[in-house]
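Everything on this sheet refers to the single structure shown next.
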């Protein structure tokens, strides 16, 4: 996903380059100034609230990160380490065990998982992790893993609710997510007393998801994928350095997105079912090449990661500071607790909501425990001069360099053409994220404005238009606001999760009883 205000240094270099390019274009520069003049004041106020920091043992800690991580810890205790005890069941479900073709829904467990993963795995896993290990040192990786493991349980809770309270439409499609379970679940839990509150919270959730789905979920991805592509083709003096290149890139990308999103979740899931495994294999494979080429340094790197978690070498304010950096990166990467993933998971074919809860807990494992960790390990093992220089610069109080560049340099230590592999990975991550967030936004749009064909196609046109805009403009202010709005959703969603956790526990007990009674049998 796109990074929040706390991670804006990641896009600083790109933003500067985009400003220079826009200045050359005249008209583009004027458009950019108008947009920024509108969003700057709003973004500043919103970001100060959402990403406000509290002091923990003298170290600044964004309260929204604490809100997400504490929820993961509470749910982990409440459900008895379900992310560990239920891991095998989750894998069995993804492989098609217990599946029945007659089950209601639109897509398989595997395709629901890949659709949701495509929304979380993005540039943040590449650039954001590089920033984390630069500021917090290698030890930040350890705490990313811990936060990822806790987030697995939060995903279990929210995606179980997403399936349980989804709406089934006459055309066979389904709609699920916080818009549905906040509205229906609070009524089931508290009767009519929860009706009014549930409707208000559901509408608020829809507005937050809609804004990010149209803006941040696609504009940032388009912006950064073009920046990386231009970087490896010679920068501003290269093939894509001329004014207008970004527009052409945006139009091509928008065309690809349009071809997929017109088909709805089935089309999106079909593409991501191939794209997500491919890009994961591509990126993790590239990381493994760097690791294997420096195999003798692996034990030392692991030692730095574990040791640095408790005896840090970063500049983040001691052990607590490193913990905060790791938690922050993981929470912002895997989206556990934001209520976005249940929208994709709700399309699954199943009669038992908790089965998708099991499948969903794999999502933070893939996103954070595997992909974020591989990025960090690659950077630490390669230990490039640019990374060491970046750490020294940060220690002196200078701005954090572009995270993509640091990761790219780590790949280049093995083979000079590895940055091109990274470029392919970035573009694949961007496309998959845009597709999934387009679907999330569509569900929010239809919740608010109806499901007529005119309404849906209007939304899809707007999404594609913003892909083009995102490729051209400098989006720092817009993204500040979009990310801040997205994390307001965490406030709404997690309150609902706390209130409805007993319902999820009841669903879990019912599923386990059916397994014991052999009412459910493996199909493969």
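Residue numbers (the working numbering): 1386 to 1909.
Idealized CB from N, CA, C, for every residue including glycine.
Taking a cut-off of 8 angstroms on C-beta distances, the segment 1551-1563 touches the segment 1724-1732, as three or more cross pairs fall below it. Per the Cβ contact rule, the segment 1823-1833 is in contact with the segment 1586-1605 (3 or more Cβ pairs under 8 angstroms). In chain order, 1743, 1744, 1746, 1747 place their CB closer than 7 angstroms to the CB of residue 1475, counting only its own chain and leaving out the 5 sequence neighbours on each side.
DSSP places residue 1461 inside the alpha helix (DSSP H), whose first and last residues are 1448-1463. Cβ neighbours of residue 1882 within its own chain (closer than 8 angstroms, five residues either side excluded): 1456, 1460, 1539, 1542, 1543, 1546, 1722.
Contact check for residue 1822 against residue 1602 passes: the beta carbons are separated by less than 8 angstroms. The continuous alpha helix (DSSP H) containing residue 1744 extends over residues 1738-1745. Scanning the segment 1749-1835 from its first residue to its last, the whole alpha helix (DSSP H) runs of 4-plus residues come out as 1758-1767, 1770-1780, 1788-1797, 1803-1834.
Close CB contacts of residue 1572 within its chain, under the 7 angstroms cut and outside five residues either way in sequence, are with 1579, 1580, 1583 (chain order). Secondary structure within the segment 1640-1708: the alpha helix (DSSP H) runs of 4 or more consecutive residues, fully enclosed, are 1649-1678, 1683-1695 (chain order). Contact between the segment 1478-1498 and the segment 1792-1802 is not established, with fewer than three Cβ pairs separated by less than 8 angstroms. Sorting 1575, 1725, 1517 by C-alpha distance to the C-alpha of residue 1590 places 1725 at the top. Counting the other Cβ atoms within 10 Å of the Cβ of residue 1606 gives 16 or more, which makes it buried.
Between residue 1753 and the set 1503, 1464, 1447, the nearest pair of CA atoms involves 1503.
Residue 1694 and residue 1719 have their C-alpha atoms some 21 angstroms from each other.
A direct Cα-to-Cα measurement between residue 1447 and residue 1710 gives close to 10 angstroms.
The shortest C-alpha to C-alpha distance from residue 1813 to any of 1664, 1853, 1689 is the one to 1664. Each of 1529, 1483, 1670, 1775 was checked against the Cα of residue 1790, and the nearest Cα belongs to 1775. Residue 1609 and residue 1851 have their C-alpha atoms roughly 14 angstroms apart. If you draw a 10 Å sphere on the C-beta of residue 1750, you find 16 or more other C-beta atoms in it, and that means buried. One alpha carbon belongs to residue 1652, the other to residue 1640, and they sit about 15 angstroms apart.
Shown here, residue 1573 sits in a helix according to DSSP, grouped into three states. DSSP, read as helix, strand or coil, puts residue 1870 in helix. Proximity to residue 1527 across 1808, 1686, 1842 peaks at 1686, based on C-alpha coordinates. Between residue 1715 and residue 1501 the beta-carbon gap is near 16 angstroms, outside 8 angstroms, which marks them as no contact. A check of alpha carbon separations from residue 1887 across 1536, 1588, 1574, 1735 identifies 1574 as the nearest. The three-state reading of DSSP puts residue 1494 in helix, counting H, G and I together.
Residue 1842 counts as exposed, since fewer than 16 other beta carbons sit within 10 angstroms of its beta carbon. Annotation for residue 1482: no alpha helix (DSSP H) segment contains it, and DSSP assigns it neither H nor E. Look at residue 1438 here: in three-state DSSP terms it is strand. Here the segment 1675-1690 makes contact with the segment 1754-1772; the two share three or more CB pairs at distances below 8 angstroms. Beyond the five residues adjoining it in sequence on each side, residue 1534 comes within less than 7 angstroms, by CB distance, of 1468, 1754 in the same chain, given in chain order. For secondary structure counted as the alpha helix (DSSP H) over 4 or more consecutive residues, the segment 1590-1623 holds these complete runs in sequence order: 1601-1617. In terms of Cβ geometry, residue 1666 and residue 1817 do not form a close pair [threshold 8 angstroms]. Annotation: the continuous alpha helix (DSSP H) that includes residue 1850 extends over 1838-1857.
A straight line joining the alpha-carbon of residue 1885 with that of residue 1654 spans about 28 angstroms.
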